Amino acid sequence: DTAVSQTPKYLVTQMGNDKSIKCEQNLGHDTMYWYKQDSKKFLKIMFSYNNKELIINETVPNRFSPKSPDKAHLNLHINSLELGDSAVYFCASSQVLTSGRTDTQYFGPGTRLTVL
Amino acid sequence: AQTVTQSQPEMSVQEAETVTLSCTYDTSESNYYLFWYKQPPSRQMILVIRQEAYKQQNATENRFSVNFQKAAKSFSLKISDSQLGDTAMYFCAFGLQSNYKLTFGKGTLLTVNP
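Chains as they are written, first to last, in my numbering: chain X, 1259 to 1374; chain V, 490 to 603.
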């Protein structure tokens, strides 16, 4: 009974290709995130969705497009992959509390993307 | 903008000993959370402990405890009775209660030696 799951765990592809990473959470949370962890292990937020609405869009190239079909799913599509896109991509989820505060974020296992 | 600084890129400790990892942060906000996440070689991000800024009492989770100094904007993690399984990268993170994103430090690689 995995809380936050991602597929695939590993993705190796050629430059210029288009690929997608999928994320699902069964925690009943209403907010989901994508983070990128670079080769130096630095984690940075890319996007956040709350109730399927995009609420955070950091400075990310337009080639990255998130999609949230429902509260439990958040996918990341990447067009025209570049060498610099190689990284580990983490999905996370959390719940906005009745007070309006956001609660702890729980992370998926990560997807290691390698662009050749 | 919030920043999180972890000044120790690497640390090591002998099994069963105690180690403290440092974290400082910068913010002008008053309502926030602080977290320590652990990332073992499996790369899974695991929540270790969290602290709400309005709580004066330091959070504790079994062998893990924090020293939260709000005025100094310091949030250190103490690991007691270190175990081999504690070997991991440890990330300090800051989150505003009104916001939806975490800001991470660059991490401290902790190695527990037998």
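We put the beta carbon where it would ideally sit given N, CA and C, even for glycine. Bear in mind that the values here come from a model prediction, so they are computed numbers and not experimental data.
message: Counting beta carbon pairs with one atom in the stretch 523-539 of chain V and one in the stretch 1314-1330 of chain X, are three or more of them shorter than 8 Å?
response: Counting Cβ pairs under 8 Å, fewer than three are found: no touch.
query: What are the residues of the stretch 1356-1372 of chain X that lie near chain V, defined by any Cβ-Cβ distance shorter than 9 Å?
result: Listed by position, the residues of the stretch 1356-1372 of chain X near chain V (Cβ gap below 9 Å) are S1357, G1358, R1359, T1360, D1361, T1362, Q1363, Y1364, F1365, G1366, P1367, G1368, R1370.
- prompt: Looking at the C-beta of F583(V), does it have a partner C-beta in chain X at a distance below 8 Å?
  reply: At a cut-off of 8 Å, the C-beta of F583(V) has no neighbouring C-beta in chain X.
- request: Starting from the C-beta of Y1293(X), find all residues in its chain whose C-beta is less than 6 Å away, skip the five residues before and the five after it, and write them out in chain order.
  value: Contacts found: L1301, I1303, F1348.
message: In this structure, how does DSSP classify L1355(X) when only helix, strand and coil are distinguished?
response: Here L1355(X) carries a coil assignment [DSSP, helix/strand/coil].
message: Between A577(V), E506(V), V555(V), which has its C-alpha nearest S563(V)'s C-alpha?
response: Looking only at A577(V), E506(V), V555(V), the smallest Cα-Cα distance to S563(V) is reached by V555(V).
Under the three-state DSSP convention, the category L598(V) falls into: Shown here, L598(V) sits in a strand according to DSSP, grouped into three states.
query: Are T507(V) and I568(V) close, meaning C-beta to C-beta below 8 Å?
result: A contact, by the Cβ cut-off of 8 Å.
query: Under the three-state reduction of DSSP, which class applies to G574(V): helix, strand or coil?
result: Reduced to three states, the DSSP call for G574(V) is helix.
field: Where D1361(X) sits in the DSSP three-state scheme
entry: It is coil, neither helix nor strand.
Per-residue burial, L1355(X) [other beta carbons within 10 Å of its own, 16 or more giving buried]: The residue is exposed, with fewer than 16 neighbouring Cβ atoms inside 10 Å.
- prompt: Are P435(V) and T597(V) close, meaning C-beta to C-beta below 8 Å?
  reply: In the structure as shown, chain V begins at 490 and stops at 603. Residue 435(V) is therefore absent and cannot be evaluated.
Straight-line Cα distance separating D1361(X) from A1330(X): Roughly 16 Å between the two C-alpha positions.
Below-8 Å beta-carbon distance, R552(V) vs any chain X residue: For R552(V), the answer is no, since every Cβ of chain X falls outside 8 Å of its Cβ.
- prompt: Which residues does DSSP pair with M500(V) in a beta bridge?
  reply: In the DSSP assignment, M500(V) is bridged to L599(V).
task: Using a Cβ cut-off of 7 Å, pull out every chain X residue sitting near G596(V), in sequence order please.
output: Those within 7 Å of G596(V) in chain X are K1299.
- request: Report the rounded CA-to-CA distance for K1310(X) versus D1328(X), giving the unit in angstroms.
  value: When rounded, the distance between both Cα atoms is 6 Å.
- prompt: Is DSSP giving L1339(X) helix, strand or coil here?
  reply: Here L1339(X) carries a coil assignment [DSSP, helix/strand/coil].
field: Runs of beta strand (DSSP E) wholly within the stretch 1284-1351 of chain X (minimum 3 residues, chain order)
entry: The stretch 1284-1351 of chain X contains these whole beta strand (DSSP E) runs: 1289-1295, 1301-1308, 1311-1315, 1322-1328, 1331-1336.
query: In chain order, what residues of the same chain lie with their CB nearer than 7 Å to the CB of M534(V), ignoring the 5 residues before and after it?
result: Short of 7 Å from the beta carbon of M534(V), and not among the five residues preceding or following it, lie these beta carbons of its own chain, in chain order: Y526, Q528.
- prompt: For S587(V), which option in N1308(X), L1374(X), F1365(X), I1279(X) has the closest C-alpha, if you only look at C-alpha atoms?
  reply: Nearest C-alpha to S587(V) among N1308(X), L1374(X), F1365(X), I1279(X): N1308(X).
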